[in-house]
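In what follows, a structure is listed as structure tokens, so that the remarks can point back to it.
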Amino acid sequence: MPKNSKVTQREHSSEHVTESVADLLAHEEPVDYKRSILNVTAESWDKQKDAEDEAEAENRPAWNSKLQYILAQIGYSVGLGNVWRFPYLCQKNGGGAYLVPYLVLLIIIGLPLFFLELAVGQRIRRGSIGVWNYICPRLGGIGYASCLVCFFVGLYYNVIIGWSIFYFFKSFQYPLPWSECPVVTNGSLAVVETECERSSATTYFWYRETLDISNSISESGGLNWKMTLCLLVAWSLVGLAMIKGIQSSGKVMYFSSLFPYVVLVCFLVRGLLLRGAVDGIMHMFTPKLDKMLDPQVWREAATQVFFALGLGFGGVIAFSSYNKQDNNCHFDATLVSFINFFTSVLATLVVFAVLGFKANIMNEKCVVENAEKILGYLNTNVLSHDLIPPHVNFSHLTAKDYNEMYRVIMTVKEGHFQELGLDACLLEDELNKSVQGTGLAFIAFTEAMTHFPASPFWSVMFFLMLINLGLGSMIGTMSGITTPIIDTFKVRKEVFTVGCCVFAFLVGLIFVQRSGNYFVTMFDDYSATLPLTVVVILENIAVAWIYGTKKFMQELTEMLGFRPYQFYYYTWKYVSPICMAVLMTASVIQLGVSPPGYSAWIREEAAEKFLFYPTWAMAILISLIILASLPLPLVFILRQFHLVSDGSNALSVTYKKGRMMKDISNLEDNDETRFILSKVPSETPSPMPTHRSYLGPGSNSPMEMSNAPNGRYGSGYLLASTPESEL
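The opening position of the sequence shown corresponds to residue 1 in the UniProt record's numbering, with each subsequent residue numbered one higher.
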């Protein structure tokens, strides 16, 4: 220690010193504690490792701009679910009335938890594994569970991108290949394919030409080589976008995040000019207020909020970990949450404008077909000409005229009406045919586009939009795997990314066999919902109850420069955990009440049929849920009973230039409470009682009393500017 230092001068003085150790250390010159005699952790100093740690902290990749980061978060949170899940839920659960529970739950669950994930990622600057190891080592399994769920979701999500790639390349022809049923020649006789004739051209193209689907999950049928190639292209795109980390994926986001909005706006303008578009939009937003009292509506709204923002996957944390520490993540959370909501509403307008047009087309077709039946009955005297209103003109028959004629015939022929086989042809019935997911994107929407002028152009735009929506979400999902693994295990970024994509492609071959669509349904229904709900509940508990909401709010105040609203204090501590627990309970009940099954396409019947999963498929289903949740209890048990070391008995301590901080990534619960340091020196707790007197060289000083290797305070402090030590 320098001879002229204040501590040395006081050692030769008889005056009692009442300053805390922290205050004394604040006046000392920065020295490396590991290299000094004050190293009480018995930890050897590795100069090379120390230099690497410093370099890593200082050289962590960062976003090129705030815009790039916001686009990345938007691209991740705005995905295929906004286009084909939200409109379906909106129609099913009360139209415009569904927006009320969705907005309420977005504010009390979605926004607070999204803000929480952004904040912990930005503060600690690590992926999901490092963040939760840091906050509570015993709950470190949260990060590993998130990685597993990301892997499961990425496996089947990229298959959907592969399907979109197939349709994208098939769109470069006129007429579109799904606009008409194929004709089969049998000798000199040409007939329409039976399966297509009994269903529809778009349905046939999806199930037979694209998937070549088998009749059940038990019939593998071998690989579909077309889908295998498309899956390879999809994983190649993801690998290229991810190989350089955010340096490459950030640039991709400029296009993949913005292009879908260009397409949606173009589709909205085009859709509003179509005949019948207003009918679809009016049907969509006509509120059914009684639905708001249905608990099922609130459960589905909560689930949609939960998945729309990508909570629990680790992608949100990974992206925010590349931010500067003074970034206003509260603004980011609010902005991204409401952009996500308005994107869902925009997509709903587009979908129902187009479906309104399709409903009018199908209703007109129904009127024409049934009018021909009535003419046949008139010509064979089954029906009397007196039943037809005089103003009805069969050559220009409107839906209104047909409905009037239909009611008259139904009234007069009440006893034999069913034998006539006439349909009501109501526009409302067509609009009520709700479709979601692949049924919306690859059947209903594609059918509507066949009636568009310049249909190939709109088809190319639509599927290019789906590819970009999927790619943006896949980059975030893969970041939820690569960022924490690279941070934790120090593997080489490029090698791990390529290896991960190759491995995922090989495992993903299960989804491109002829029965692959049924496995996609299984993974979509069961691999993520329950495990992710548990993960987010534990995230909330770890921050609000173990780390402490007040302490976390104080840290946010220091990081953001202003104190977040008290609203977040109460939602983090009480409202969100309770709501998430109710959602988890409802999900478990739903799994128990609804028998696990899937919709199979039966070739001979040309129709869908609900089938139950066989025993072996049930075993896979249960294994998915258990495997995704397994890291949570496993890591807790290993660290609770000290079967693996979490470093809680020794603090790695150094002095570096900067403010006095400490590395608490592996502290026990009590240690965390006593050792958290704030930015304000007066608020900095000392490892010893404040104002304990230093009595001079003749007495046992606090430093000497702490030399026991396993002593509770056998550690020093870290003077560091690394963000990961500041929470």
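For glycine and all other residues, C-beta sits at the position ideal for the given N, C-alpha and C. The structure displayed is predicted, hence computed values, not measured ones.
Take the alpha-carbon of Ala424 and the one of Val354: they are about 22 angstroms apart. With three or more CB-CB distances shorter than 8 angstroms, the stretch 267-280 counts as touching the stretch 355-365. Of the residues Ala619, Leu116, Arg126, Pro596, the one whose Cα lies closest to the Cα of Phe331 is Leu116. When rounded, the separation of the alpha-carbon atoms in Phe169 and Val460 is 8 angstroms.
Relative to Thr210, the option among Trp235, Val159, Leu237, Ile339 whose CA is nearest is Val159. Each of Ile165, Phe267, Ala301 was checked against the Cα of Gly94, and the nearest Cα belongs to Ala301.
A contact between stretches requires three or more CB pairs, one per stretch, nearer than 8 angstroms, and the stretch 335-346 fails this requirement with the stretch 124-138.
Met253 is not a Cβ neighbour of Ala371, given a cutoff of 9 angstroms. Of all C-beta pairs linking the stretch 169-185 to the stretch 200-215, three or more are shorter than 8 angstroms, placing the two stretches in contact. The Cβ neighbour count for Trp616, taken over all protein chains shown within 10 Å, is under 16; the residue is labelled exposed. Contact between Ser256 and Leu466 does not hold, since the beta-carbon distance rounds to 11 angstroms and is not under 8 angstroms.
Annotated as distal: Lys66 and Ile243, with beta-carbon spacing of 9 angstroms or more. Using a C-beta cut-off of 8 angstroms, the stretch 577-586 makes no contact with the stretch 599-607, since fewer than three inter-stretch Cβ pairs fall below that distance.
Closest option to Leu397, judged by alpha-carbon separation, among His385, Leu258, Val368, Tyr377: Val368. Arg514 and Trp206 have their C-alpha atoms roughly 12 angstroms apart.
From the listed residues Pro456, Cys500, Phe457, the smallest Cα separation to Thr477 is found for Cys500. Note on geometry: alpha-carbon atoms of Leu264 and Gly548 lie some 43 angstroms from one another. Annotation for Trp601: the continuous beta strand (DSSP E) segment containing it runs 597-602. For Asn370, the enclosing alpha helix (DSSP H) starts and ends at 329-379. Tyr568 and Leu556 have their C-alpha atoms some 11 angstroms from each other. Taking a C-beta distance under 9 angstroms as the contact criterion, Arg60 and Arg125 qualify as a contact pair.
The beta carbon of Phe285 lies closer than 6 angstroms to those of Gly95, Gly96 in the same chain, with the five residues before and after it left out.
Around the beta carbon of Phe352, 16 or more other beta carbons sit within 10 angstroms, so the residue counts as buried.
DSSP places Phe462 in the uninterrupted alpha helix (DSSP H) bounded by 455-489.
Judged by DSSP secondary structure, Glu447 falls within the alpha helix (DSSP H) whose first and last residues are 445-449.
Following the DSSP letters along the chain, one finds Thr228 inside the alpha helix (DSSP H) bounded by residues 225-242. Excluding five sequence positions before and after Thr483, the CB atoms of its chain that fall closer than 7 angstroms to its own CB belong to Gly127, Ala318, Ser321, given in chain order.
Under the three-state reduction of DSSP output, Phe172 falls in the coil class, being neither helix nor strand. DSSP places Ala72 in the uninterrupted alpha helix (DSSP H) bounded by 66-77.
Residue range 607-612 is occupied by the beta strand (DSSP E) that includes Leu611. For the pair Leu538 and Phe519, the Cα-to-Cα distance works out to about 29 angstroms. Contact between Gln296 and Met559 is ruled out by a C-beta separation of about 40 angstroms, above the 8 angstroms threshold. Scanning its chain for C-beta atoms nearer than 8 angstroms, with the 5 sequence neighbours on each side dropped, one finds around Phe151 the residues Ile481, Ala504, in chain order. Annotation: Leu293 is outside any alpha helix (DSSP H) and is labelled neither H nor E by DSSP. Remark: C-beta atoms of Asn540 and Leu113 approach each other more closely than 9 angstroms.
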